[in-house]
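**Student:** What follows is a structure written as structure tokens; I'll ask about it next.
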Amino acid sequence: MTPEEFKQLLSQKGIQLSDRQMEQFTRYFELLVEWNEKMNLTAITEKKEVYLKHFYDSISLAFFEDFSTNKSICDVGAGAGFPSIPLKIVFPTLQVTIVDSLNKRITFLTELVNELGLEDVSLYHDRAETFGQKEAFRATFDYVTARAVARLNVLSELCLPLVKKDGFFLALKAAKSEEEISEAKPAIATLGGKFQKEVSFKLPITEDERHIVVIQKKKETPKKYPRKPGLPNKQPIK
Numbered sequence: 183m184t185p186e187e188f189k190q191l192l193s194q195k196g197i198q199l200s201d202r203q204m205e206q207f208t209r210y211f212e213l214l215v216e217w218n219e220k221m222n223l224t225a226i227t228e229k230k231e232v233y234l235k236h237f238y239d240s241i242s243l244a245f246f247e248d249f250s251t252n253k254s255i256c257d258v259g260a261g262a263g264f265p266s267i268p269l270k271i272v273f274p275t276l277q278v279t280i281v282d283s284l285n286k287r288i289t290f291l292t293e294l295v296n297e298l299g300l301e302d303v304s305l306y307h308d309r310a311e312t313f314g315q316k317e318a319f320r321a322t323f324d325y326v327t328a329r330a331v332a333r334l335n336v337l338s339e340l341c342l343p344l345v346k347k348d349g350f351f352l353a354l355k356a357a358k359s360e361e362e363i364s365e366a367k368p369a370i371a372t373l374g375g376k377f378q379k380e381v382s383f384k385l386p387i388t389e390d391e392r393h394i395v396v397i398q399k400k401k402e403t404p405k406k407y408p409r410k411p412g413l414p415n416k417q418p419i420k
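Counting from 183, one number per residue, gives the positions in the sequence shown under our numbering.
Below, the structure is given as structure tokens:
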């Protein structure tokens with residue numbers, strides 16, 4: 183996907199990018215490749231693939247959810263800033279919080295945010311388990327997202343405590359898994375959430391499958407969750 187195709191295909195979805203926004207994506211790509219030579223941010227560095235599999239893929243959340251009106255999003259384990267930074271470029275009023283356990287990635291994201299001139303972006307070097315226990319952040323976000331390989335029952339424990347009541351946890355997955363959703367439902371209920379739907383679509387050009395699991399927060403998460411770092415992975419809620 184070339185930058186021109188990127189702009190055109192988003193336009194077909196009702197998302198119009200300005201010259202300034204296109205410049206921000208150009209600089210994002212340049213910094214991603216530059217920093218990737220110093221540290222492992224992504225295995226995808228070819229320009230057409232970055233625009234498709236990182237930028238377009240991240241923005242695809244906005245095909246199904248509304249980020250246009252001063253919403254807040256917390257990106258757990260954002261890595262190189264996906265999906266929250268592309269969403270922030272497209273929706274400048276979006277309030278973004280990123281938490282990542284690797285300080286090197288936070289250093290990269292700090293430079294990225296400064297270079298792109300993004301405001302209302304907060305970056306935290308922390309484990310999701312300890313971040314979710316902090317009163318300043320717990321149950322405060324309209325959306326919490328994770329684009330991670332962990333199973334849904336584990337991700338739910340890391341993310342749902344941060345979602346405000348009636349807000350949403352959005353899990354981005356590369357493959358459909360009815361078994362994984364079924365396995366996670368007891369954990370989701372324990373944590374105060376309710377499975378709403380799984381949205382499936384294909385990326386343009388490559389036809390790669392993508393899935394978004396939508397979970398709504400219906401009641402407060404019990405205070406003991408998330409548990410100590412490492413426990414959600416070792417002993418998932420059943």
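Ideal Cβ positions, reconstructed from N, Cα and C, are used throughout, including at glycine.
Under the DSSP definition of a beta bridge, which residues are partnered with phenylalanine 237?
**Tutor:** None, per the DSSP bridge assignment.
**Student:** To the nearest angstrom, how far is the alpha carbon of aspartate 458 from that of proline 268?
**Tutor:** Here the chain covers residues 183 to 420 and nothing more, so residue 458 does not appear.
**Student:** Report yes if the CB atom of threonine 306 is closer than 8 Å to the CB atom of valine 281, and no otherwise.
**Tutor:** Checking the sequence shown, residue 306 turns out to be tyrosine, not threonine. Yes.
**Student:** Within a Cβ cutoff of 8 Å, which residues of the same chain sit near tyrosine 233, ignoring the five residues on either side of it in sequence?
**Tutor:** Met183, Thr184, Pro185, Glu187, Phe188, Phe207 and Phe211
**Student:** Among Phe351, Glu361 and Leu213, whose alpha-carbon lies nearest the alpha-carbon of threonine 292?
**Tutor:** Leu213
**Student:** Short of 6 Å in beta carbon distance, which residues of its chain neighbour lysine 347, apart from the five on each side in sequence? Order them along the chain.
**Tutor:** Around lysine 347: Lys399.
**Student:** Return the Cβ separation of arginine 333 and alanine 356 in integer angstroms, given the expectation that the two are a contact with Cβ distance under 8 Å.
**Tutor:** Contact flag wrong, Cβ pair sits at about 13 Å.
**Student:** Can you tell which of Val295, Glu362, Leu276 and Leu284 has the C-alpha that lies nearest to the C-alpha of serine 338?
**Tutor:** Glu362
**Student:** Going by beta carbon distance, what residues of the same chain come within less than 7 Å of phenylalanine 313, once the five residues before and after it are set aside?
**Tutor:** Val281, Tyr306 and Phe319
**Student:** Which runs of the beta strand (DSSP E) at least 3 residues long sit entirely within the stretch 249–304? Give them in chain order.
**Tutor:** 254–258 and 277–282
**Student:** Would you mind giving the Cβ-Cβ distance between phenylalanine 237 and phenylalanine 273, rounded to the nearest angstrom? I have them listed as a contact below 8 Å.
**Tutor:** Their Cβ separation, rounded to whole angstroms, is 14 Å, which puts phenylalanine 237 and phenylalanine 273 out of contact at 8 Å.
**Student:** Reducing DSSP to helix, strand and coil, say where serine 200 ends up.
**Tutor:** In the structure shown, serine 200 sits in coil (DSSP, three-state: anything other than H, G, I, E or B).
**Student:** Which two residues bound the contiguous beta strand (DSSP E) that contains leucine 352?
**Tutor:** 345–355
**Student:** In the DSSP assignment, the beta strand (DSSP E) including glutamate 380 goes from what residue to what residue?
**Tutor:** 375–384
**Student:** State the DSSP-derived secondary structure class of glutamine 398, mapped to helix, strand or coil.
**Tutor:** DSSP, read as helix, strand or coil, puts glutamine 398 in strand.
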